[in-house]
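In our numbering, the protein residues as written are 4 to 401. Where a beta carbon is used, it is the ideal one built from N, C-alpha and C, also for glycine. Values in this document were obtained by computation on a predicted structure and should not be read as measured data.
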Ligand code: PLP
């Protein structure tokens with residue numbers, strides 16, 4: 004008998020399962036809106052010009068690749084701090100931010116989760132209902148009990164903010180609250196600035212631990228605008244966690260570029276926290292890979308490339324917004340009577356379309372248009388060639 008006889012088959016990742024189904028679909032008009040990836044108007048994954056410029060320089064003067072420090076490239080970590088908190092902000096200037104280069108946003112979240120588990124093993128974790136599906140799995144795997152706070156209100160096509168705030172106000176001290184800093188995945192609905200103030204107030208009053216997941220900085224309104232919630236937590240004098248992902252904003256999905264930043268009380272505390280984060284890393288994957296981090300650090304610390312990056316990021320953001328408008332107009336033109344303008348109220352890469360599971364299944368089976376069963380569609384995968392077909396298909400199942 005094998006030692007693995009009792010090992011059960013784990014459930015398939017729902018999104019990857021959808022991708023496999025999409026690949027096998029023979030419909031020539033098929034469209035994959037299930038993924039969380041930005042495609043350009045030709046349906047291609049873009050290679051940003053700023054990234055290409057750095058890589059061309061690297062090829063001209065090739066270098067051997069030694070080990071990086073456990074916490075990653077110093078210039079990279081410094082650039083992350085600048086993006087998250089502002090380069091001239093008090094937390095950065097006073098040196099009280101501990102930042103590590105992580106393996107994507109997921110890696111940043113996991114290092115933070117492992118550190119929190121050591122710090123406060125009995126804490127509970129609250130995630131939004133719904134949330135990015137890996138939040139629950141990741142914090143569960145780190146040993147936490149994960150529960151939800153209300154977020155999406157289907158009837159209102161928006162956020163159940165009272166429900167969210169009530170849940171935070173009822174949470175025991177020390178509860179870790181995972182918050183989407185901007186561009187909420189999967190719903191596309193973000194809370195307003197005044198609502199952030201109330202969330203910050205609840206986190207402070209209840210002594211909760213905020214963990215802000217920033218996977219889409221720059222995809223909402225702009226780099227600074229999308230980081231506004233961070234500033235509110237800083238202003239309230241809180242210590243908190245921020246994970247960063249550059250997967251989308253640099254179109255470097257496979258390079259695994261991300262980070263974790265922990266805002267501490269002072270510089271000495273940040274040094275101690277950093278030393279503990281380094282243990283999490285050292286005993287897990289030892290140190291991060293070189294290439295993606297080096298590219299991002301070079302772009303962010305070279306003024307001309309940084310300007311180019313912001314321009315390219317702006318182009319991605321604007322194209323998504325254009326697709327939202329085209330989707331609303333196209334649905335109307337295809338004869339949809341109900342008001343679909345909520346799609347342009349949403350922000351970031353996704354839209355909770357309000358379609359039921361049955362409607363999503365019909366979209367897939369009859370039209371080859373793939374979104375998740377929850378009704379989530381990736382607006383960043385729409386383009387001028389597939390938009391009419393998608394609108395007509397949706398109109399037929401509504
Ligand atoms: N957090 C959220 C909310 C996400 O949507 C994603 C990616 O889809 C991530 C984190 C993870 O990003 P990465 O691919 O950089 O690990």
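If you scan the segment 154-186 from start to end, which runs of the alpha helix (DSSP H) of 4 or more residues do you find wholly inside it?
-> 164-173
Less than 8 Å separating the beta-carbons of residue 298 and residue 57?
-> yes
For residue 376 and residue 226, the rounded distance between their alpha carbons | 31 Å
Kindly indicate which residue of 279, 258, 261 and 25 has the alpha-carbon position closest to the one of residue 267.
-> 279
Residue 119 in three-state terms, based on DSSP = DSSP places residue 119 in helix when its eight states are reduced to three.
Would you be able to state if there are at least three C-beta pairs under 8 Å between the segment 86-96 and the segment 220-239?
-> These segments touch.
Counting along the chain, where does the beta strand (DSSP E) carrying residue 100 start and finish?
-> Unbroken beta strand (DSSP E) run through residue 100: 100-106.
Do the segment 362-379 and the segment 27-36 make contact, defined as three or more Cβ pairs closer than 8 Å?
-> yes
In the structure shown, what three-state DSSP assignment does residue 266 receive?
-> In the three-state reduction of the DSSP assignment, residue 266 falls in the strand class.
Note the first and the last residue of the continuous beta strand (DSSP E) segment covering residue 243.
-> 243-248
Cβ separation of residue 244 and residue 277, assumed to be a contact under 8 Å, to the nearest whole Å | That belief does not hold up - the Cβ atoms of residue 244 and residue 277 are roughly 13 Å apart, past 8 Å.
Identity of the residues DSSP links to residue 402 by a beta bridge | It is not possible to answer for residue 402, since the shown part of the chain is limited to 4 through 401.
Are three or more beta carbon pairs between the segment 139-147 and the segment 184-201 nearer than 8 Å?
-> Here the segment 139-147 does not lie against the segment 184-201, with fewer than 3 beta-carbon pairs under 8 Å apart.
Any non-hydrogen atom of ligand 1 within 7 Å of residue 218 CB | Yes, the beta carbon of residue 218 sits closer than 7 Å to at least one heavy atom of ligand 1.
Could you tell me which of 177, 12, 378 and 319 sits nearest to residue 48, measuring between CA atoms?
-> 319
CA-CA distance, residue 247 and residue 358?
-> 31 Å
Can we say the segment 108-128 touches the segment 283-293, given the rule of at least three CB pairs closer than 8 Å?
-> yes
For the segment 92-110 against the segment 69-80, are there 3 or more C-beta pairs whose distance is under 8 Å?
-> yes
Cross-strand partners of residue 261 (DSSP beta bridge) | According to the DSSP secondary-structure assignment, residue 261 is paired through a beta bridge with 105 and 248.
Output the boundary residues of the beta strand (DSSP E) element that contains residue 222.
-> Per DSSP, residue 222 belongs to no beta strand (DSSP E) and is neither H nor E.
Does the Cβ of residue 312 lie closer than 7 Å to at least one heavy atom of ligand 1?
-> Not under cutoff, so the answer is no.
Any heavy atom of ligand 1 closer than 7 Å to the CB of residue 183?
-> yes
Residue ranges of each beta strand (DSSP E) run of no fewer than 3 residues wholly in the segment 267-355, ordered along the chain?
-> 353-355
List the whole-angstrom C-beta distance separating residue 186 from residue 222, where the pair is believed to meet the contact cut-off of C-beta under 8 Å.
-> 5 Å
Inter-stretch contact (C-beta, 8 Å, three-pair minimum) for the segment 380-395 and the segment 327-339 = yes
Where does residue 4 fall in DSSP's three states?
-> coil
Under the three-state reduction of DSSP, which class applies to residue 79: helix, strand or coil?
-> helix
Can you check whether the CB of residue 168 is closer than 8 Å to the CB of residue 211?
-> no
Those residues which DSSP pairs with residue 380 across a bridge | 354
Whole angstroms is fine: what's the gap from residue 26's alpha carbon to residue 18's?
-> If you draw a straight line from the Cα of residue 26 to the Cα of residue 18, it is about 12 Å long.
Kindly examine ligand 1 and report whether one of its heavy atoms sits closer than 7 Å to the Cβ of residue 295.
-> no
From the DSSP output, in three-state form, read off residue 95 for me.
-> Residue state for residue 95 is assigned as helix, using DSSP reduced to three classes.
Helix, strand or coil for residue 213 per DSSP?
-> strand
Could you give the C-beta distance for residue 50 and residue 250, rounded to a whole number, given that I count them as a contact under 8 Å?
-> Incorrect: roughly 14 Å between the Cβ atoms, too far for contact.
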